[in-house]
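Only one structure is covered here, and it is reproduced in the block below.
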């Protein structure tokens, strides 16, 4: 950590600041420049509160040099983490496609979609039971009943299920869910993250709409700090000025996350673009950039979908996308 | 609502779509253009699911013409809402300053700050008991004990208190809190919003980092749909490419929110800029743009603050800012 | 084009507006809704000035339904445009890699890089003679002499050259340049675009830092409206809140541009990320998403580069990237 | 400047780097941390090329500590610059309103608007002769004839004129223009900036759509480096994800620019919001935040304006805004 002092800093104030830093177990090197003085902090700075340092009257700025995350950091865990659920592996060369409708609408619907996507090669079934909707007047999901329907579909097909949690109060209802998804809007719902950290169950953590890669990894760190290290990171597009697509898929996030962290990375091309015609090219691009999996929306009757129909594929379209996906996964030397 | 059809739409498909829309209780006018056909939907479209319409194969795009919020909409409630708490009014010409530290750190600290900010003219006391922090290793707040300390400070000074909630599970602990704050990261924590909708207590709702004005009002609508209409909207800066300030204060949001909604609007200049030197000019600008109040961070010892010290004012600096604020409020014809 | 009227619009005013629109050669259909009236404009609306319509007192909003670009529009030119220069083709299944240093620094340097990148499979040579630099104190390029050195390198290797123009006043100096590049900062330098429209020479048009896909295509339209239809579009990253990469590569822009337009699309992974370690994964992703070419920075001595060294590959690194690129191009069924 | 080295850096490489830096006339202090080594560069680093340093294999990152601008920097010129033209002063407590139509459309139009805005208190007349339009099919301005009409209006009213230049090739036509405006899209048209640096005439420099405050000041530095120090900075809104307003007025830029630089700052509330109803509140907010002037669009017949009618005020609306503006300017202790 580098602390840049203001030009007007008095000698006595600088000495006081250095003492205060040293009391936190760090060593300090002073560099006096032509116009400014900087302090180099030496030691484990991951627990130093940048803001507390910055609050000092004589401090102009603080620059962190090491990453503030530890458990999620590849430097300390060079090998890829492989998340395994019901025999399906994600990460370390293992690739999975998670598919299903935005919302679970009925027992028949979810079973039918499950059979369809399984036939095309999807390894896990997704479906929303609790739905985060911008409008209080929009369909909010079947909630507990939706999870029951997902479990029915699992019983029939054997596919492990992935579904989104919106509150720590619902954790008990998710005890049979295979992978719990944290949506983009809850990426910094820290109370929820802490609660999930106490579970022994994989978490699919989606990147927030306007969160940096560092914040994303810090949210994974929240869960891992609680003891749950089974995290799958999910890039799903960020919010920018561009309106031609619903969000802007940050394709660079994939190789960057893989460099910075050992956790597997999956991509959601459906929400990233909000356009069915982009699901195939974005899926291929994600695999080429190093993704460990995809999560794709499929609906057996998109035109009557109760949410997000615009970006859902029909089972037939999904089959065509999967043909491409399989070829690209093989080309990249990964395996299902 | 206007539905734009694809060029390739077949007559039969168009007829089916029109039938389906009519079944939802709406009337449809067809406009056949040179290259495209558009449908004009007539009736109460606030509950029509845009995505369900867009999911139809022959639909190219859907444009909403009326705002999707009702309870928060000034069109249906032309008069300003005035939120009142312990005799302090916000809105409708009434102005309030809410001040206090980012985090409650001790009983003495919060009492001292309370006395200081009250002496300078603040009407309400703020202080974080539950703290949303990016890092799991940063100070997380005194939590329940922090609320106790705030209540002690209230007992001594008579100032109503404002503090942030991070989970619906904590609501019981907030029963004596005067105004419950929802932070930017929880603006779309819909389960929390629903729970707050059942209370009979004012809610200070902060705009999310990357949320549009419409989404902001839809989150207010979530709370109001549950029956709680005591909402104070808070603009606190949005995330943009500019890094010279922590966030970009969206000053235009103030007059726009006042035009679109009857709810009072307060501004947080401390978080918006993240720089103490900008608190005064941004406070003045906010009042000039029509704000009904301010929420300002004040710490009695910013250099040892446990969070967000960089943007906190000392009590003396706050006193100077308040001199400016009072003159500007008076100039604008509002009253404390 | 759909015109949404304000609720308070008087009948007489509406009639006047309709008359004014009809005078511009369009037909108007009126849809009277529950709370609002909308007008559907029928005919060739590409030349109607949205702002002029919006300026009318009774108009609340205007929505364009058809794209405002014609010459660049795939609807009117379904076949891919293939740009050809010195026997190298770009577009329509033909793929090219353009490589070279950010800045031309000396005759020897550019010749050496040219030989190196040609040996690895690059088809065209790039190099900056005129350099847009944020600081007036930074190296501004060798200018006219830089073009001479590029032409020397072309003479020796036979590689066509691509270099950036910064002012219409320099056009005469670019008469022997094979492809003229317009940089991101000049994407809306309309006087320059108009001047380039009168040439009979391919233009590589880079997307601006904060320009939408529609604005990008409108800038291509500027050049095409002047008669020069040899345009290559270049996605090079947009500016967002994320700071881990220099820019955010908008990977979705590739398939979208290919859908909307018949022009070839190349990608600049070097500027998009600003990190050498991302050049390979982003190059592969771009090809997988449908790109027709790449433009990559290569420097024979990056640590002494006079500009943008951080993102330049060494010739050896470039060779390794090219191995990946060639395999991916072949996998996608395209050819050099 | 602080240079952070990679963990793997070898001693010999570090010595070589230090030698190379010292050859550029700087001194280097080495700080060896627990996991990383940093170098503190001492001396005048404003001309050190960050990218050249970053290009070194062993460099992980470079952080600049001093601002890279000199001529525009308040540290070296503590007193406010006052730009004066035909007796009108801007800056240092002097406030001016520049008003007029987006486009000059006819001699009568511009004269009429000039008389109207002068009667309401505007000190300078603006009007676009050369118009940067997104579409090549939109009205491009009257060009040279437009400047003639502006000069006619000046002759009649005595108001100095402000108009936008789009190419250095047109400079001769601007010889009688009082203040030359550089539009947002040309803020980094460096060839144009250099050409304007050789003139002895005030330049109104608008901030680019997606340019940081530092880049904005570096563009001012370009003009100043050429010898022309008469620069007026203009904040006109930046591009963000919010679509309710055309751009997002960055109100914090006003006090920040005033802190960092001695140059006067004016605000364009018309383009910032794109909505006439926001011109008054944003004008007041800008003055409260410390602006030295405003530039406002006024049209005598907005509904038939040839460009940007949606945001133009009628002369009567402008008169009402000016009443507010005058009171606020007086309240702030500034004078016309």
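Chains as they are written, first to last, in UniProt numbering: chain A, 1 to 336; chain B, 1 to 336; chain C, 1 to 336; chain D, 1 to 336. Glycine included, C-beta positions come from ideal geometry on N, C-alpha and C.
| Test: residue 2 of chain D CB closer than 8 Å to a CB of chain A | yes
| request: Quickly, what does DSSP pair residue 2 of chain D with across the bridge? List them, please. | output: D:40, D:63
| field | Strand pairing of residue 73 of chain B, partner residues [DSSP] | value | B:261
| Thinking C-alpha only, which one of B:230, B:56, B:38, B:186 is nearest residue 367 of chain B? | For residue 367 of chain B there is no data in the structure shown, the boundaries of chain B being 1 and 336.
| request: Take residue 144 of chain D and list the residues in its own chain whose beta-carbon comes closer than 6 Å to its own, dropping the five residues that flank it on each side. | output: 173
| query | Rounded to a whole number of angstroms, what is the C-alpha to C-alpha distance between residue 116 of chain C and residue 298 of chain C? | reply | 9 Å
| query | Looking at the C-beta of residue 47 of chain B, does it have a partner C-beta in chain A at a distance below 8 Å? | reply | yes
| Any idea what DSSP makes of residue 271 of chain B, helix, strand or coil? | helix
| said: I want to see whether chain B comes within less than 8 Å of residue 239 of chain A, judged by CB atoms only; does it? | reply: yes
| task | Could you check what DSSP says for residue 94 of chain C in three-state terms: helix, strand or coil? | result | strand
| message | Is residue 78 of chain A close to chain C? Criterion is C-beta to C-beta, closer than 8 Å. | response | no
| said: So for residue 103 of chain C, helix, strand or coil by DSSP? | reply: strand
| query | Taking the continuous alpha helix (DSSP H) assigned at residue 157 of chain A, which residues delimit it? | reply | 144-157
| field | Residue-chain proximity (residue 251 of chain C, chain G), Cβ-Cβ < 8 Å | value | Within the model displayed, chain G is absent; protein chains A, B, C and D are what it includes.
| request: Let me know the secondary structure DSSP gives residue 173 of chain A once reduced to three states. | output: helix
| said: So, with DSSP's three-state summary, where would you put residue 30 of chain A? | reply: strand
| Who are the near neighbours of residue 312 of chain D in its chain, counting only those whose CB is closer than 8 Å to its CB and skipping five residues on each side? | 101, 102, 270, 276, 297, 298, 299, 302, 305
| Interface partners of residue 138 of chain A on chain B, CB under 7 Å | 49
| Same chain, Cβ closer than 6 Å to residue 196 of chain D, neighbours up to 5 away in sequence not counted | 203, 223
| query | Would the beta-carbon of residue 236 of chain D fall within 8 Å of that of residue 184 of chain D? | reply | yes
| said: Would the region 210-221 of chain D count as touching the region 63-72 of chain D if we require 3 or more Cβ pairs under 8 Å? | reply: yes
| field | Validate contact between the region 242-260 of chain A and the region 276-287 of chain A using beta carbons, cut 8 Å, 3 pairs | value | yes
| If residue 104 of chain D and residue 139 of chain D are in contact, beta carbons under 8 Å, what's the gap, nearest whole angstrom? | About 11 Å; that fails the 8 Å criterion.
| request: In the DSSP assignment, find the unbroken alpha helix (DSSP H) run with residue 344 of chain C in it and report its ends. | output: Any question about residue 344 of chain C goes unanswered here, given that chain C covers just 1 to 336.
| Which runs of the alpha helix (DSSP H) fall wholly inside the region 193-242 of chain A and span at least 4 residues, in chain order? | 213-225
| said: Pairs of beta-carbons, one from the region 114-133 of chain B and one from the region 154-168 of chain B, closer than 8 Å: are there three or more? | reply: yes
| task | Step through the CB atoms of chain B and report whether any lies within less than 8 Å of the CB of residue 297 of chain A. | result | no
| said: I'd like the span of the beta strand (DSSP E) that includes residue 126 of chain A, first residue to last. | reply: 124-126
| message | Nearest by alpha-carbon distance to residue 87 of chain C: which of C:48, C:108, C:160 is it? | response | C:160
| For a contact meaning CB atoms closer than 9 Å, what does residue 217 of chain B contact in chain D? | Per Cβ cutoff of 9 Å: no residues; residue 217 of chain B is ~10 Å from chain D at best.
| C-beta atoms of residue 134 of chain B and residue 243 of chain C nearer than 8 Å | no
| task | Can you tell me which of B:28, B:33, B:109, B:319 puts its alpha carbon nearest to the alpha carbon of residue 26 of chain C? | result | B:33
| task | Could you tell me whether the Cβ of residue 59 of chain C comes closer than 8 Å to any Cβ of chain B? | result | no
| task | Find out if the Cβ-Cβ distance for the pair residue 226 of chain D, residue 194 of chain D is shorter than 8 Å. | result | yes
| request: Report all residues from its chain with a CB closer than 7 Å to the CB of residue 295 of chain C; omit the five preceding and five following residues, and keep chain order. | output: 98, 126, 234, 266, 268
| query | Nearest chain D C-beta to residue 281 of chain B closer than 8 Å, yes or no? | reply | yes
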